[in-house]
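In my numbering, the protein residues as written are 68 to 861. Notes for the one structure printed next.
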């Protein structure tokens, strides 16, 4: 084989230094200089001892035959493709200039590290030398990690939606040298992909001008779609009601969730139902609460929820939540925990607290890094098989229980034996299984329902189930675990910080707050650059990469404000204000209002600098920013924050009128502008007065209400018994006295103070003040959320 001749015809890089026999394999790439070749080899050698080349092609002493430029990247997903024979580039100036210089179309592949179908397409096509040779000859190949670059993902997802009417991962697109898409799709089998490559190459060779014009027109259309409409409009209450009505119209009333096939949690939509459930009249008009709780109930009982280890898989492939797509993402846990915690406050359903706590246990056990932040995900696959780690045959299930019972007998322990029949029924384990005799563990009814059927008191049945879970989990932990994506994403960590902060208060678990503060400090100190003048989005193996985007800043802003509310430590409030200034400098649209998704990229810009406010898998960054601006205004008294929030809402109001349900988070922000916060603490007097409250269950359908008021100097409020008739007394009242009765109210002793502006002494509360009362349930009702039960009058 003549090495020099072949190197002209193929564009594949081979590590020839590892074995003399490698010259019989594939030649060096024509565009790989000796200097670059050496850098690639050195980058490979510099990897940690636990690094494993993700390829089926090994040469010599088990060294990978190929290395491409992705070896330089700090991304688990890109590194998974660093040893494909395809001459991959990461998104950047080098790849785009090469495409323009050689007038070659770009093949763009977008995915993420724990994606099952991404793995499948890599194994079938991207690691295939025949496919690689064709791509290298006719295209410039670019690989993008959607979790590092959600801006790229969002733009080209809109294009795939245009071409196919739907979108998923991996995404496969063909772009002009100017990065404008002329065709796009998703996963393709080897045969389909081979044919697609040939078709797109033929079309480019023969219809280049037509394809370019079509791509340019599509970019114009997408650009117009991405620009906020400035027509006169507002996010008013009728539009919010319309959004809720639209969501209710395709809510599954039997099993919860949305649609009739595969189901995603759709947390932003559930958040809108939650927000609507806080209305004072929701007991009478509770469609939103019913839709919310039905979804939460069936998700918690389904296979989408890991019944043993806690935590939620990304989605279910069936309409009953039974058969999940087995990957576990940090953001799902971070968004669902607050929903369950808040739903418990509304319904007193203790199972919601169990689910929230078990989910946090999973996150802290499996996704918590030694540095105190959180990894991104667990893979869907184990040893090349989707879901293998989570599945049970009937024989495996029973063997674990037999072994446990035998051990208890042999050791003469007094612990309760595990009943195999009851255990099988609880988790619906049988001979047939859901996946070819493999069982996915799920609950066919609530635990309370099982307790009633088995005639076991709930106070004994719940510990029995927990014991069963621990036995099975211990056995499952002996299996090979799914791969963990260990990159640290700023926005996802910020969401988890918010979840932990809320959990620390609802579950009265101060350790959660400690974990949240440590993670927030890591982001502030370790992921910032230039003395907190900007932040990085990703930290992987102690290396930062990719500039932070809007969702990173907005979710972190939310986390910082939440920490301030929980601790009243002004450090967190100061950091929030400083972060907001960075957001304004990098992302604010001074002309039309609202934040762009990314800062200006001068080296490798996308065809569109996107600015949007619709929700996707995560809440809209602009919507969260608007809500946090409103909260900063209340906590600081700075009117400018409220003005900016109004500008964001106004900027996207016309867009929201087109498809109201796509802007759920924006409706929540607008509702907060009109109605105020429904969650505690409550702020007044330009942030100088802070009210927190808690309810503790008592015997006989009673609750102890504790209201703490912190009044910062020089502010004060009138006591419950002012010394003059024309002064308004401070008092507490029920907002809904049809369901509850307020009694045994205890107001603190006031201070009698003479102030400069008054000749007469005043009866005041100053500093820290506590009011207590007993609330008695007078009618059968589920609601007992403290923020909906009372209002304070100062």
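Just so it is clear, CB atoms sit at the ideal spot from N, CA and C, and this is done for glycine as well.
Own chain partners of residue i with C-beta closer than 7 angstroms, once the 5 adjacent residues on each side are dropped
i, result
"residue 208", "153, 154, 155, 156, 174, 202"
"residue 782", "752, 755, 756"
"residue 69", "With a pLDDT of only 39 at residue 69, under 50, the local geometry of the prediction cannot be trusted, and no value is derived from it."
"residue 165", "207"
"residue 376", "429, 540"
"residue 764", "770"
"residue 642", "591, 627"
Cβ-based neighbour list, residue i, same chain, cut-off 6 angstroms, excluding 5 preceding and 5 following
i, result
"residue 684", "none"
"residue 271", "172"
"residue 464", "496"
"residue 84", "Annotation note: pLDDT 35 at residue 84 (below 50); position unreliable, no value reported."
"residue 182", "236"
"residue 361", "323"
"residue 861", "Confidence in residue 861 is poor, its pLDDT being 47 and thus under 50, which makes the residue's placement unreliable; the coordinate value appears in the next sentence. Answer for residue 861: 784, 797, listed in chain order."
Boundaries (first-last residue) of the beta strand (DSSP E) holding residue i
i, result
"residue 765", "756-765"
"residue 212", "207-212"
"residue 240", "238-242"
"residue 601", "601-607"
"residue 216", "Neither: residue 216 is in no beta strand (DSSP E) and is coded neither H nor E."
"residue 33", "What the structure shows of the chain is the stretch from 68 to 861, and residue 33 is not part of that stretch, so it cannot be assessed."
"residue 516", "No beta strand (DSSP E) holds residue 516; the alpha helix (DSSP H) holding it covers 514-520."
"residue 838", "834-844"
"residue 537", "Here residue 537 belongs to no beta strand (DSSP E); instead the alpha helix (DSSP H) covers 525-543."
"residue 251", "248-252"
"residue 799", "798-801"
"residue 774", "769-778"
"residue 808", "807-813"
Closest by C-alpha distance to residue i, when choosing among the options
i, options, result
"residue 382", "224, 331, 541", "331"
"residue 145", "827, 333, 211", "211"
"residue 737", "679, 339, 415, 204", "339"
"residue 659", "275, 724, 718, 511", "718"
"residue 329", "358, 384, 308", "384"
"residue 214", "568, 267, 616, 639", "616"
"residue 41", "592, 606, 431", "What the structure shows of the chain is the stretch from 68 to 861, and residue 41 is not part of that stretch, so it cannot be assessed."
"residue 178", "198, 551, 240", "240"
"residue 818", "564, 326, 369, 828", "828"
"residue 451", "503, 185, 606, 325", "185"
"residue 814", "800, 826, 820, 808", "800"
"residue 700", "810, 675, 677, 740", "740"
"residue 419", "354, 573, 626", "573"
"residue 519", "438, 489, 666", "489"
"residue 168", "102, 244, 834, 493", "244"
"residue 248", "288, 254, 217", "288"
"residue 391", "501, 316, 605", "501"
"residue 746", "356, 632, 816, 279", "632"
"residue 222", "697, 793, 686, 678", "678"
"residue 359", "469, 342, 425", "342"
Enclosing alpha helix (DSSP H) for residue i [first to last residue]
i, result
"residue 477", "461-477"
"residue 273", "257-273"
"residue 412", "397-414"
"residue 172", "It is not in any alpha helix (DSSP H) - residue 172 carries neither H nor E in the DSSP assignment."
"residue 420", "417-429"
Residue-level contact to chain C via CB, residue i, 8 angstroms cutoff
i, result
"residue 778", "Considering every chain present, this structure includes no chain C. It has just one protein chain."
Spatial neighbours of residue i in its chain, beta-carbon cut-off 8 angstroms, leaving aside the 5 residues before and after
i, result
"residue 87", "With a pLDDT of 33 at residue 87, under the threshold of 50, the modelled position of that residue is not reliable, and the figure given next carries that caveat. Excluding sequence neighbours, residue 87 sits near nothing in its chain."
"residue 348", "In this prediction, residue 348 scores a pLDDT of 48, lower than 50, which makes its location untrustworthy; no coordinate-derived value is stated."
Contact belief for residue i with residue j at Cβ below 8 angstroms, rounded distance in angstroms
i, j, result
"residue 560", "residue 649", "At roughly 17 angstroms, the Cβ-Cβ gap does not stay under 8 angstroms, so residue 560 and residue 649 are not in contact."
"residue 583", "residue 630", "7 angstroms"
"residue 125", "residue 132", "6 angstroms"
"residue 831", "residue 785", "6 angstroms"
"residue 134", "residue 111", "5 angstroms"
"residue 26", "residue 445", "Only positions 68 to 861 of the chain appear in this structure, which leaves residue 26 out of reach."
"residue 475", "residue 484", "6 angstroms"
"residue 246", "residue 163", "6 angstroms"
task = Determine, using beta-carbon pairs with one atom in the stretch 721-730 and one in the stretch 305-323, whether at least three such pairs fall under 8 angstroms.
result = Of all C-beta pairs linking the stretch 721-730 to the stretch 305-323, three or more are shorter than 8 angstroms, placing the two stretches in contact.
message = Does the structure place the stretch 756-767 close enough to the stretch 707-724 that three or more beta carbon pairs sit under 8 angstroms?
response = They do not touch, by the three-pair rule.
key: Cβ contact check for the stretch 399-410 and the stretch 457-474: 3 or more pairs under 8 angstroms   = Segment contact: the stretch 399-410 against the stretch 457-474, fewer than three CB-CB distances shorter than 8 angstroms; contact not assigned.
ask   = Counting Cβ pairs, one atom from each stretch, are 3 or more of them under 8 angstroms apart for the stretch 618-626 and the stretch 679-698?
value = Three or more Cβ pairs closer than 8 angstroms define a contact, and the stretch 618-626 meets that threshold against the stretch 679-698.
inquiry  = Quick test of the definition: if touching needs 3 or more C-beta pairs under 8 angstroms, does the stretch 504-512 touch the stretch 368-377?
reply    = Yes: the two stretches touch, three or more of their Cβ pairs being nearer than 8 angstroms.
query = When the Cβ atoms of the stretch 272-284 are set against those of the stretch 185-198, are three or more pairs found closer than 8 angstroms?
reply = The answer is no - the stretch 185-198 does not touch the stretch 272-284, with fewer than three Cβ pairs under 8 angstroms.
ask   = Just checking, does the stretch 221-230 make contact with the stretch 262-269 on the three C-beta pairs under 8 angstroms criterion?
value = In short, these stretches do not touch, since the Cβ pair count stays below three.
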